[in-house]
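J.: Structure in structure tokens, see below.
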Amino acid sequence: MNWTAFSDFLGIRAQELLGTELNQIRFTDIGLTYWLSIAVALVALVTLVRRWLTNPRHHREHSGHLIERRFQRRVWSRALYNVPKLLLALALAVLLVAMADPYLTATEEVAGDMESRVRIDLVDTSLSMAWEFPGSGKSRGQVAREAHLEFLEMRRDKNDRVALWLFSSFPYMVDDFVIDDELYFFQVMDAPYAIVRILAAQSGTPVDRMFVPEDKVRIIASEGNTNIIRALQSVVKHFDRDSASVSGGANPHRALLIVTDADVDEIPEAEFIELNKRNVVPYMIFINAADQRATSSTTRGSAGSTPASNTQGLIEMIREFGGDYFDVTDGDGLVRAYEAIDEAETVRVELSHRAVKVPIYSRFLLISMALLVVGIPAGFVAELMWGTHP
44 MNWTAFSDFL GIRAQELLGT ELNQIRFTDI GLTYWLSIAV ALVALVTLVR
94 RWLTNPRHHR EHSGHLIERR FQRRVWSRAL YNVPKLLLAL ALAVLLVAMA
144 DPYLTATEEV AGDMESRVRI DLVDTSLSMA WEFPGSGKSR GQVAREAHLE
194 FLEMRRDKND RVALWLFSSF PYMVDDFVID DELYFFQVMD APYAIVRILA
244 AQSGTPVDRM FVPEDKVRII ASEGNTNIIR ALQSVVKHFD RDSASVSGGA
294 NPHRALLIVT DADVDEIPEA EFIELNKRNV VPYMIFINAA DQRATSSTTR
344 GSAGSTPASN TQGLIEMIRE FGGDYFDVTD GDGLVRAYEA IDEAETVRVE
394 LSHRAVKVPI YSRFLLISMA LLVVGIPAGF VAELMWGTHP
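First residue of the sequence shown: 44, per my numbering; consecutive thereafter.
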């Protein structure tokens, strides 16, 4: 086992759990955990009574021998002997919490209105995002997610009203527009890096090109390509629905942030024209991979244009309609993206936090599994070193 990677994994999951506001957690099925807790308590009680009423193994009363102190377990030995039991107890407690299906929600209802910048974040989760970002040991999807989260930290408390969309062959709306920064941050954090047909690509892509953890992949039979046209068509409809309900059919100034490696199938010219008609300015956080031309050409081709020309064409199209792209390999790229969106005109919207359910059971479940992975082997070792022997 790679213990460095394992410890990093534990650290990240622990930070996620510690960063969760416990007073904001709600539970879907607390009754199930209640009955399971009673069952566990009864089993523990029966075990204690059995051990109290029965003689321990390898023990005989009136043997006539007094065990000297030097042969008894020392204090530190007893502590080490019981540490695995403590780890297993913690794992069980955390697992019981996960069984209650905990989730975060924004339940506060506030009347009034506020000045906000309206934006849709459209995140590329296609197969190419599962490949390595050259020289990093990370997938493009992970690099993109880290850049996106850093950007959201920069935009915190800026009153952004944002909706999250993912796209591969088909687009998926994660949630409608929200103003709650923390809620949206967790939505982005928990979103998958890749939505694909199968992680080991069927079109000849070697398995060792994949750098995405299994918990960050969604397997859907119809997925794998980068169809930005279909995604932008859905985004246009989403903007239309929102303007009809919030702005009375008007088209206020809004922004579209596309997080992608730009390895797209086609250039969506008609869709950008429609966005421009609606006063939507496109921006792109560009996950620039040096070997993109080579990797793309091995997996797919298109009649009349190469993937590399599609990438450049997408960048030029965004600039043509008043937007820009920001390369994550450029240290100031995210700062410029922040400033560009901050310069956009604000929109007066009604301030209302609706209840949005964000499941977080995986945070508790992963911590529980990690404690079991450590606690069970440690229990065997403790029993061998400090346990009772005949």
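Every residue gets a Cβ at the ideal spot worked out from N, C-alpha and C, and that includes glycine. Note that the structure is a prediction, hence the values are computed from the model and not measured.
Is there contact here, the segment 408-426 with the segment 115-134, by at least three beta-carbon pairs under 8 Å?
T.: Touching, yes, given that three or more Cβ pairs across the two stretches are closer than 8 Å.
J.: Residues in its own chain within less than 8 Å of A237 by CB, not counting five upstream and five downstream?
T.: So the qualifying residues of the chain are T168, S169, L170, M172, A173, S182, G184, S211, V255, K259, V260, R261.
J.: Along the chain, where does the alpha helix (DSSP H) that runs through D385 open and close?
T.: Start and end: 376-385.
J.: Which first and last residues belong to the alpha helix (DSSP H) in which L414 is found?
T.: It spans 404-429 - the alpha helix (DSSP H) in which L414 sits, taken as one unbroken run.
J.: Determine, using beta carbons only, whether L147 and I73 come nearer to each other than 8 Å.
T.: Not in contact: L147 and I73 (Cβ atoms no closer than 8 Å).
J.: What residue range is occupied by the uninterrupted alpha helix (DSSP H) comprising L300?
T.: Here L300 belongs to no alpha helix (DSSP H); instead the beta strand (DSSP E) covers 297-303.
J.: Which two residues bound the contiguous alpha helix (DSSP H) that contains V278?
T.: Unbroken alpha helix (DSSP H) run through V278: 271-289.
J.: So who's on the other strand from R69, going by DSSP bridges?
T.: DSSP output for R69 lists Y146 as bridge partner(s).
J.: Taking buried to mean at least 16 other C-beta atoms within 10 Å of its own C-beta, is R94 buried or exposed?
T.: Per the 10 Å Cβ criterion, exposed.
J.: Would DSSP call P127 helix, strand or coil?
T.: If DSSP states are grouped into helix, strand and coil, P127 belongs with the helices.
J.: Is the beta carbon of Y326 sitting closer than 8 Å to the one on A305?
T.: Contact flag unset, no.
J.: Do you know offhand how far Y381's Cα is from D283's?
T.: Looking at the two C-alpha atoms, the distance is approximately 25 Å.
J.: For V166, count neighbouring C-beta atoms within 10 Å of its own C-beta (all shown protein chains included) and say buried if the count is 16 or more, exposed if not.
T.: By the 10 Å Cβ count, V166 comes out buried.
J.: Does I358 come out as helix, strand or coil in the three-state DSSP assignment?
T.: Three-state result, I358: helix.
J.: Would you be able to state if there are at least three C-beta pairs under 8 Å between the segment 131-140 and the segment 197-211?
T.: With a cut-off of 8 Å, the segment 131-140 and the segment 197-211 do not count as touching, because too few Cβ pairs lie within range.
J.: Taking C-beta to C-beta, are V302 and G365 nearer than 8 Å?
T.: Cβ distance not < 8 Å, so V302 and G365 don't count as in contact.
J.: My assumption, with CB atoms under 8 Å, is that N353 sits in contact with I310. Please give the rounded CB distance.
T.: That pair is a contact at about 6 Å.
J.: Verify whether the separation of the beta carbon atoms of V239 and E196 is less than 8 Å.
T.: Against a cut-off of 8 Å, the Cβ pair of E196 and V239 comes out as no contact.
J.: Could you tell me how far apart the beta carbons of D144 and Y404 are, in whole angstroms, since I believe they sit closer than 8 Å?
T.: Right, their Cβ atoms sit about 5 Å apart.
J.: Among M412, W429, A383, which one has its Cα closest to the Cα of A132?
T.: For A132, the nearest C-alpha among the options comes from M412.
J.: Check G62 in the structure and name its three-state DSSP category.
T.: Of the three classes helix, strand and coil, the one that applies to G62 here is coil, per DSSP.
J.: Contact defined as beta carbons within less than 8 Å: I believe V371 pairs with V186. What is the distance between those atoms, to the nearest angstrom?
T.: About 6 Å separates the two Cβ atoms, so the contact holds.
J.: Is F220 near D164, with beta carbons less than 8 Å apart?
T.: It is not a contact, given that the beta carbons lie outside the stated cut-off.
J.: Could you give the first and the last residue of the continuous beta strand (DSSP E) run that contains Y215?
T.: Start and end: 214-221.
J.: According to DSSP, is I262 helix, strand or coil?
T.: I262: strand per DSSP, three-state reduction.
J.: If you drop the 5 nearest sequence neighbours on each side, which residues of the same chain put their C-beta closer than 7 Å to that of D203?
T.: Here the set comprises S159, R160, R162.
J.: Here's a check: name, in chain order, each residue in its chain whose Cβ is nearer than 7 Å to the Cβ of Q230, leaving out the five neighbours to either side.
T.: Within the same chain, Q230 has close Cβ partners L207, V217, D218, V401.
J.: Less than 6 Å between C-beta atoms, sequence neighbours within five positions excluded: which residues of the same chain meet that for A414?
T.: Residue 414 is actually Leu in this sequence, not Ala. Same-chain partners within the cutoff: L130, L133, A134.
J.: Can you have a look at Y227 and say buried or exposed, based on whether 16 or more other CB atoms are within 10 angstroms of its CB?
T.: Looking at its Cβ environment, which holds 16 or more other Cβ atoms inside 10 Å, Y227 is buried.
J.: Comparing C-alpha positions only, which one of V279, I222, N294 sits nearest to E317?
T.: The option with the nearest alpha carbon to E317 is V279.
J.: Could you pull out every residue in the same chain whose Cβ sits closer than 7 Å to the Cβ of S179, ignoring the five residues on either side in sequence?
T.: Here the set comprises V186.
J.: Use the C-beta contact count for E312: other C-beta atoms within 10 angstroms, 16 or more gives buried, fewer gives exposed.
T.: Classification for E312: exposed.
J.: Report yes if the C-beta of I316 is less than 7 Å from at least one heavy atom of the ligand NAP; otherwise report no.
T.: Absence of the ligand NAP is noted for the structure shown, with no ligands found whatsoever.
J.: What does the Cβ neighbour count give for R362, buried or exposed, with the cut at 16 atoms within 10 Å?
T.: Exposed is the call here.
J.: Under DSSP, the beta strand (DSSP E) around Y326 begins and ends at which residues?
T.: From DSSP, the beta strand (DSSP E) with Y326 extends over 323-329.
J.: Short of 7 Å in beta carbon distance, which residues of its chain neighbour L409, apart from the five on each side in sequence? Order them along the chain.
T.: Same-chain partners within the cutoff: R56.
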